[in-house]
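Chains as they are written, first to last, in my numbering: chain A, 14 to 304; chain B, 14 to 304.
Beta carbons are placed, not taken as given, at the ideal position from N, Cα and C, and that holds for glycine.
The structure is reproduced here in structure tokens:
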């Protein structure tokens, strides 16, 4: 029944914590080992029953694992790769980072091209973060992008794909470069746009009660992702800034088309355009319901 | 108990229909009279019990009303004002349009400055529209902006304010010009931005399945308002295009600040900025919970 003997999860935030919970709930491993810089997080995970044991000293617990999922902030991932190389270099390793090209390159450079790393990105983020945001079935019906490189071994790819499937996720394969280009459009650009919208509220006056009375559910839903973890997002933006800058430039062009239509004042043209865009947006809902 | 004898509601979409339903539920009028261009909508409203009677011929039912709420598309409002002037020129009239300066000017020009019009905008819109979107308690706890002009009579203003209060809404007063300036930022700009985001998806390939697998709940929530009624929004954009163009230009400046920060690549600076923006966005939730 168990697919793994001992799965290690480094970083017990929304993604890592929900992963631990789900591995336990679904009986995917005999044992789940948690790693975190914070003892309070580890204690909470142990008490909550989502991990069986934990280590503050990462190097100590590595030797006994047969799978490690790194779900930490990007900036500490290379430390983890170096520790894996020193303590258990043939360990099967995946991750959950929102950028893949740099992460996969770093993993292969540090672990060696003959190592057993496969990059993953589950589409299960939220504006909520930390162990208190952990929830059941976070991955059910969600896509997970798996990003093999030319060094990825076929057997490892199959194991990681099956691991995500057993959590309820839908694996999709693409290169790390394609992932970063697409995710910059579908996730990183919307965050940059929303942060810019929120900064206009700052400019218009934080203490303007009449302004607040004009804020409806449309604005709040559109800018919900503006409540996301700032350190996490600053890291993501930095790690994917070339693609993000590209899409901001493309977005600026689309916005200037909109502005020109407004200046021209042709109602029929504008209504026709908005109708076409509504249909594209509705198609996206359809894609999700197909799952 | 009844505040009004016979309230007429022109336009039985999300706003007008929900208004009729709420007037009935709360016993605000002895009778609710519906007006619409579509017989099928009127039949549905009558059968559903949200109106007591209806007229396809607007002029016929006007004489007996003591309040008329115009919740139609903007482009037909002037026809309604002209019919009120011909058939019941002293009738108390309000509306629910998302733009106010042009509407209030037109109402006063057509009805005469001595008439009894008071402009309203309930913050209760949605991407859903039409009579099938009608729901209970749509106005409960929502702001409604009431926009008196220098011609508005104090007694009428009090009546319209009390009318919205009796529906559960929270009235806020501001000039039509201030309303249009603020709402362009909090509602019309986000729509323009979201439509531009969706048009990038069109460009990136509608049949790109790998692109769809990178669309998560963040993108879907952020662009939910992209499913809004295109004719309604083309009208709103046109009616408030001067303010909207102003805010698009301001938004472009904020986005270029973001782009410059990305190019400079200073993580600390970016993380600090995103942290400040997160706090501003969270304050907006707080304002809603204060209600």
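Partners in chain B for residue 234/A, counting only beta-carbon separations shorter than 8 Å: Counting from one through the first chain, the residue named residue 234/A turns up at place 221. Those within 8 Å of residue 234/A in chain B are 234, 235, 237 and 238.
Separation of residue 284/B from residue 234/A, as counted between CA atoms: Here the question's residue 234/A lines up with position 221 in the first chain. Here the question's residue 284/B lines up with position 271 in the second chain. The straight-line gap from Cα to Cα measures roughly 23 Å.
At least 3 beta-carbon pairs within less than 8 Å: the segment 85-97 of chain B vs the segment 176-187 of chain B: By the Cβ rule, the segment 85-97 of chain B does not count as touching the segment 176-187 of chain B, because fewer than three pairs are nearer than 8 Å.
Contact set for residue 246/B: own chain, Cβ-Cβ below 7 Å, skip 5 residues either direction: Walking along the second chain from the start, residue 246/B turns up at place 233. Same-chain partners within the cutoff: 204.
As assigned by DSSP and simplified to three states, the class of residue 203/A: One-based indexing of the first chain puts residue 203/A at position 190. For residue 203/A, the secondary structure class from DSSP, reduced to helix, strand or coil, is helix.
N- and C-terminal bounds of the alpha helix (DSSP H) containing residue 192/A: Within the first chain, numbered from 1, the residue matching residue 192/A stands at position 179. Unbroken alpha helix (DSSP H) run through residue 192/A: 189-196.
Pair within 8 Å by beta-carbon distance, residue 300/B and residue 225/A: Position 287 of the second chain, counted from the first residue, corresponds to residue 300/B. Position 212 of the first chain, counted from the first residue, corresponds to residue 225/A. Yes, they are a contact pair.
Where the segment 168-199 of chain B meets chain A: residues whose CB sits under 8 Å from a CB there: Residues 183, 185, 187, 191, 192, 195, 196, 198 and 199.
N- and C-terminal bounds of the beta strand (DSSP E) containing residue 42/B: One-based indexing of the second chain puts residue 42/B at position 29. Looking at the DSSP string, the run of the beta strand (DSSP E) that includes residue 42/B is 42-48.
Beta-carbon proximity of residue 8/B to residue 40/B, cut-off 8 Å: The requested residue 8/B is not part of the displayed model; chain B covers only 14 to 304.
Buried versus exposed, by CB contacts within 10 Å (16 or more), residue 33/A: On the first chain, residue 33/A is found 20 positions in, with the first residue counted as 1. Buried: at least 16 other Cβ atoms inside 10 Å.
For residue 128/A, the nearest candidate out of 115/A, 111/A, 168/A and 150/A (CA to CA): On the first chain, position 115 is the one that residue 128/A refers to. Nearest neighbour of residue 128/A by Cα position, chosen from 115/A, 111/A, 168/A and 150/A, turns out to be 168/A.
Pair within 8 Å by beta-carbon distance, residue 117/A and residue 22/A: The sequence position of residue 117/A within the first chain is 104, counting from 1. The sequence position of residue 22/A within the first chain is 9, counting from 1. One thing to note: residue 117/A has its Cβ no nearer than 8 Å to the Cβ of residue 22/A.
The segment 189-203 of chain A contacting the segment 98-107 of chain A, beta-carbon criterion three pairs below 8 Å: Contact fails between the segment 189-203 of chain A and the segment 98-107 of chain A, because fewer than three Cβ pairs, one in each stretch, are under 8 Å apart.
Separation of residue 152/B from residue 25/A, as counted between CA atoms: Within the first chain, residue 25/A is the residue found at index 12, counting from 1. Within the second chain, residue 152/B is the residue found at index 139, counting from 1. If I take the Cα positions, the gap works out to 41 Å.
7 Å Cβ shell around residue 241/B - same chain, five flanking residues per side excluded: Position 228 of the second chain, counting from 1, holds the residue named residue 241/B. Answer for residue 241/B: 140 and 204, listed in chain order.
Pick from 155/B, 133/B and 199/B that is closest to residue 170/B, judged by C-alpha positions: For the purposes of this step, residue 170/B is identified with residue 157 of the second chain, where counting begins at 1. Nearest C-alpha to residue 170/B: 133/B.
Short CB-CB distance (under 8 Å) between residue 203/A and chain B: For the purposes of this step, residue 203/A is identified with residue 190 of the first chain, where counting begins at 1. Closer than 8 Å: yes.
Under 8 Å between C-beta atoms of residue 213/B and residue 275/A: The count along the second chain starts at 1 and reaches residue 213/B at position 200. The count along the first chain starts at 1 and reaches residue 275/A at position 262. Against a cut-off of 8 Å, the Cβ pair of residue 275/A and residue 213/B comes out as no contact.
Start and end residues, alpha helix (DSSP H) containing residue 23/A: For the purposes of this step, residue 23/A is taken as the residue at position 10 of the first chain. In the DSSP assignment, residue 23/A falls outside any alpha helix (DSSP H) and within the unbroken beta strand (DSSP E) covering 17-23.
Proximal residues of chain B, C-beta to C-beta of residue 243/A below 7 Å: Working through the first chain from its first residue, we reach residue 243/A at position 230. Simply 284, 287, 288 and 291.
Residue 67/A: contacting residues in chain B (beta-carbon distance under 8 Å): Indexing the first chain from 1 puts residue 67/A at position 54. Using a Cβ-Cβ cut-off of 8 Å, residue 67/A is close to nothing in chain B; its nearest Cβ partner there is about 28 Å away.
Close-in-space but distant-in-sequence residues of the same chain around residue 96/B (CB under 8 Å, 5 per side omitted): Locating residue 96/B in the second chain gives position 83, counting from the first residue. If we look at residue 96/B and ignore the five residues flanking it on each side, its Cβ neighbours are 71, 72 and 75.
Euclidean distance between Cα positions of residue 288/B and residue 181/A: Counting from one through the second chain, the residue named residue 288/B turns up at place 275. Counting from one through the first chain, the residue named residue 181/A turns up at place 168. The straight-line gap from Cα to Cα measures roughly 33 Å.
Of the listed residues 144/A, 149/A and 156/A, nearest to residue 187/A (C-alpha basis): The sequence position of residue 187/A within the first chain is 174, counting from 1. The candidate whose alpha carbon is nearest that of residue 187/A is 156/A.
Alpha-carbon spacing of residue 143/B relative to residue 28/B, whole angstroms: Residue mapping note: residue 143/B aligns to position 130 of the second chain, counting from 1. Residue mapping note: residue 28/B aligns to position 15 of the second chain, counting from 1. Taking the straight line from one Cα to the other gives about 8 Å.
Whole-number beta carbon distance between residue 19/B and residue 79/B, since they are thought to touch under 8 Å: The residue you call residue 79/B lines up with position 66 of the second chain. The residue you call residue 19/B lines up with position 6 of the second chain. Between residue 19/B and residue 79/B the Cβ distance is about 6 Å, and since that is below 8 Å, they are a contact.
Distance, residue 272/B Cα to residue 264/A Cα: Locating residue 264/A in the first chain gives position 251, counting from the first residue. Locating residue 272/B in the second chain gives position 259, counting from the first residue. One C-alpha to the other measures close to 12 Å.
Buried/exposed call for residue 138/B, threshold 16 Cβ in 10 Å: Locating residue 138/B in the second chain gives position 125, counting from the first residue. Taking all protein chains shown into account, residue 138/B has 16 or more neighbouring C-beta atoms within 10 Å of its C-beta and is therefore buried.
Residue 194/A burial status per 10 Å Cβ neighbour count (16 or more: buried): Residue mapping note: residue 194/A aligns to position 181 of the first chain, counting from 1. Classification of residue 194/A: buried, given that the 10 Å Cβ count is 16 or more.
Inter-residue CB distance, residue 211/A and residue 294/B (contact presumed, cutoff 8 Å): Here residue 211/A refers to the residue found at position 198 when the first chain is read from its first residue. Here residue 294/B refers to the residue found at position 281 when the second chain is read from its first residue. With 8 Å as the limit, residue 211/A and residue 294/B qualify as a contact, their Cβ atoms being about 5 Å apart.
Three-state class that DSSP yields for residue 226/B in the structure shown: Taking the second chain and counting its residues from 1, the one referred to as residue 226/B is at position 213. It is helical.
Extent of the continuous alpha helix (DSSP H) to which residue 152/A belongs: Taking the first residue of the first chain as position 1, residue 152/A is located at position 139. If you look at residue 152/A, you'll find it isn't in any alpha helix (DSSP H); DSSP assigns it neither H nor E.
Where the beta strand (DSSP E) through residue 134/A begins and ends: The sequence position of residue 134/A within the first chain is 121, counting from 1. Note, residue 134/A: beta strand (DSSP E), 132-135.
Residue 298/A, DSSP secondary structure in three states: What you label residue 298/A is simply residue 285 of the first chain in a count that begins at 1. Here residue 298/A sits in helix by DSSP.
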